[in-house]
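Q: Supplied in structure tokens, the structure appears directly below.
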Amino acid sequence: AIIYTHLHPDHTGGGGVFAGNDGPEILAHRLLVDRVPDVGRNGRDGGDQFGSTLPDALFINAGTGLEFGRHPAPSAYVAPTRTFSGDRLDLTIAGVRLQLFHTPGETRENVADFQWAAEPTDYVLAIDDGNVEARRLKAAALGELGERQISAIARNYYLSAAQYLLRDLPAR
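Residue numbering for the sequence shown follows the numbering used here, starting at 91 and increasing by one per position.
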């Protein structure tokens with residue numbers, strides 16, 4: 091599944107690349123579909139971030155926006171296949187329980203997600219269990235983070251996650 095957090099092209103413009111030919115579910119808040127790209131905050135966001143309000147003579151590049159607001163804008167955007175209205179959507183994707191929250195901020199349709207982890211390491215980059223060096227590197231990073239925590243709960247979280255990753259690795 092793909093979750094669009096908001097309509098800015100640096101967050102949606104690669105949807106088609108990630109979707110490929112698999113046809114995954116693409117989720118977003120309903121406001122993402124209902125609106126046309128706007129320039130927000132009194133006309134400044136699009137012009138400042140993506141150059142969309144600039145005349146052609148002044149348009150040099152669009153930064154990460156790939157000519158957002160100009161036609162045709164190069165993009166691999168794929169429209170959402172499922173939207174939600176209101177403040178929250180509870181769902182399960184591939185056995186992972188998620189909550190999507192409508193969090194207007196940078197744009198009106200902003201969405202944040204929260205994942206309920208099955209294992210302590212699920213909140214951090216997922217890696218193949220067979221990649222021993224990646225597991226060691228990730229465990230070292232989690233251990234370092236854990237040592238820097240003032241909160242015993244946070245420290246225990248990171249250190250437990252590091253131990254979990256190292257649980258069955260062969261000795262060096």
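Think of the CB as a built atom: it goes at the ideal place given N, C-alpha and C, for glycine as much as any other residue.
Hey, L122 and H96: beta-carbon distance below 8 Å or not?
A: For L122 and H96, yes; Cβs fall inside 8 Å.
Q: In the structure shown, what three-state DSSP assignment does A147 receive?
A: Residue state, collapsed to three classes: helix.
Q: My output table needs one value for A251: the three-state DSSP class, helix, strand or coil.
A: Helix at A251.
Q: With DSSP collapsed to three states, give me the class of L181.
A: Looking at L181 - three-state DSSP - the assignment turns out to be strand.
Q: Are the beta-carbon atoms belonging to H98 and T197 less than 8 Å from one another?
A: Yes, the pair counts as a contact, with Cβ atoms nearer than the cut-off.
Q: Identify the continuous beta strand (DSSP E) that holds T173 and give its terminal residues.
A: Per DSSP, T173 belongs to the beta strand (DSSP E) from R172 to F174.
Q: By the three-class DSSP mapping on this structure, what secondary structure does H192 have?
A: In this structure, H192 counts as strand in the three-state DSSP scheme.
Q: Between A252 and R262, what straight-line distance do the alpha-carbon atoms span, to the nearest angstrom?
A: One C-alpha to the other measures close to 17 Å.
Q: Pull the bridge partners of L31 from the DSSP assignment, please.
A: There is simply no residue 31 to check, as the chain begins at 91 and stops at 262 in what is shown.
Q: Could you name the residues that DSSP lists as bridge partners for V186?
A: In DSSP, V186 forms a bridge with I183.
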